[in-house]
């Protein structure tokens, strides 16, 4: 039985996508006969991954040196390695073209709005990198953040990457043991914390936990504090206020050039079957994969306003930050998405004229069950796409998006995970959307559903 067709891009829309532009480049080089068939492009990319990734690097214009080998041991899963001689810097790619255009828009639950330009972002990143360097942070050291979803977290990630250090973050809704279970394994040299935060109108103080963390992690030589609740926060012991660190630092002038496969992030498994396990992700692979997903699957580009409702403890935060590499504006939200009601994020979307609204399937379902219909309340004419992940979006959820949010929109149900800090299957801007279905497999990835005998299968349940 065929699923119901919910949306289909016009030929004009398809022709003006980034993926069509990229595919036409391949056609011009005689590499792939692009006829507008995204699935055929995926098959070609899965059959020729080295050519795909090499052409994509050049088409996008990643800043770095590929080296002389595209892929070492391409037939081995654990022994295979892309660009083993490649060199780049993740932060340098995100901070290119540091002009007066917007880089970050940040909202808080209580209504406060903050914006940061690309020039301001680079200036703060280079200053924070200078402060980290003064604390003895260098390539390979770990920098940890126990923080809300605020611009300071983005700055610290990029400052760490500027030096070649490794960044890790936890959401502030984790308690003491949850943070120690994670950060205690990686022995961070610097820890960034926040004095507290607000959720659903309630103030949650984190000062006591912060000081316990510093005492229980002897590797920490310095703590940064974001005065989120109290602008007059007074530091103690080895603490430095984030704003004061920026003011006192001597900015670094250059980006440390790191090997393509050097570590960038440490993320964690859920911890449901024992202590959370560290998952290390390389800078080059994370960068090129995220840029591919933003450009070819999401059609993000310069000036697009991209929002994903996430905390710093979910991999979608890392994914969102990488949209800076395609010169999009990232939009952050800190707080309860239903405070004071289900209209909160949709009114923000209208006010900011978002191009992309990213969230979880559970959020869409909760909005549906609340009875709130964004289409009847706000102007979402600027919104081009909605992304949903975290769990499968139900058929009712698909219908709700088109009935109650916007009838003419690209809805992308996407799925990946912490283990690859990206997606296996996701959206495709040139393909139609059918109720209850994910549109496409990730380009350059041999994705398949297997049966219990390890054979690929279609139209059946597998793994």
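In the working numbering, the protein residues as written are 6 to 468. Note that the Cβ used here is the ideal one computed from N, Cα and C, for glycine as well.
Counting of Cβ neighbours within 10 angstroms places residue 74 among the exposed residues, the total staying below 16.
DSSP lists 335 and 361 as the bridge partner or partners of residue 311. Burial check for residue 208: the Cβ neighbour count within 10 Å stays below 16, so the residue is exposed. Sixteen is the threshold: since fewer than 16 other Cβ atoms of the shown chains lie within 10 Å of the Cβ of residue 376, the residue is exposed. In this structure, 443 is the residue among 329, 438, 443 and 436 with its C-alpha nearest to the C-alpha of residue 428.
8 Å or more divides the Cβ of residue 350 from the Cβ of residue 391.
A distance below 8 Å separates the beta carbons of residue 393 and residue 418. Note on geometry: alpha-carbon atoms of residue 111 and residue 323 lie some 16 Å from one another. Distance from the CA atom of residue 193 to the CA atom of residue 180, rounded to whole angstroms, is 18 Å.
Counting the other CB atoms within 10 Å of its CB gives residue 171 a total of 16 or more, which places it among the buried residues.
Judged by DSSP secondary structure, residue 233 falls outside any beta strand (DSSP E); it is assigned neither H nor E. A direct Cα-to-Cα measurement between residue 101 and residue 335 gives close to 15 Å. Only exposed fits residue 455, as fewer than 16 other CB atoms lie within 10 angstroms of its CB.
If you look at residue 286, you'll find it in the beta strand (DSSP E) that goes 283 to 287. Taken atom to atom, the span from the alpha-carbon of residue 326 to that of residue 409 is near 29 Å. Secondary structure at residue 95: helix, using DSSP grouped into helix, strand and coil. Counting only runs that start and end inside the stretch 190 to 249, the alpha helix (DSSP H) elements of at least 4 residues fall at 212 to 221. Residue environment: residue 78 is assigned as exposed (fewer than 16 neighbouring CB atoms within 10 Å of its CB, all protein chains considered). In the DSSP assignment, residue 119 falls within the beta strand (DSSP E) that extends over 118 to 122.
Taking a cut-off of 8 Å for Cβ pairs, the stretch 182 to 192 and the stretch 274 to 292 touch, as three or more such pairs fall below it. DSSP lists 390 as the bridge partner or partners of residue 415.
Taking a C-beta distance under 8 Å as the contact criterion, residue 435 and residue 41 qualify as a contact pair. Buried is the label assigned to residue 215, since at least 16 other Cβ atoms lie within 10 Å of its Cβ. Scanning its chain for C-beta atoms nearer than 7 Å, with the 5 sequence neighbours on each side dropped, one finds around residue 283 the residues 190, 191, 271 and 273, in chain order. Judged by DSSP secondary structure, residue 373 falls within the alpha helix (DSSP H) whose first and last residues are 366 to 375. Rounded to the nearest angstrom, the Cβ distance from residue 405 to residue 373 is 4 Å, consistent with a contact under 8 Å. Segment contact: the stretch 256 to 270 against the stretch 231 to 242, fewer than three CB-CB distances shorter than 8 Å; contact not assigned. Annotation for residue 402: the continuous alpha helix (DSSP H) segment containing it runs 400 to 405. For a cut-off of 8 Å, the C-beta gap from residue 302 to residue 431 is around 5 Å, short enough to register as a contact. With 16 or more other Cβ atoms inside 10 Å of its own Cβ, residue 153 counts as buried. Collapsing the DSSP output to three states places residue 163 in a helix. In this structure, the alpha-carbon of residue 211 lies about 44 Å from that of residue 58. Contact annotation: the stretch 357 to 372 does not touch the stretch 280 to 296, with fewer than three C-beta pairs closer than 8 Å. For residue 77, the secondary structure class from DSSP, reduced to helix, strand or coil, is strand. If you compare the alpha carbons of 450, 452, 467 and 451 with that of residue 458, the shortest gap goes to 467. The C-beta distance from residue 99 to residue 133 rounds to 14 Å, too long to meet the 8 Å contact threshold.
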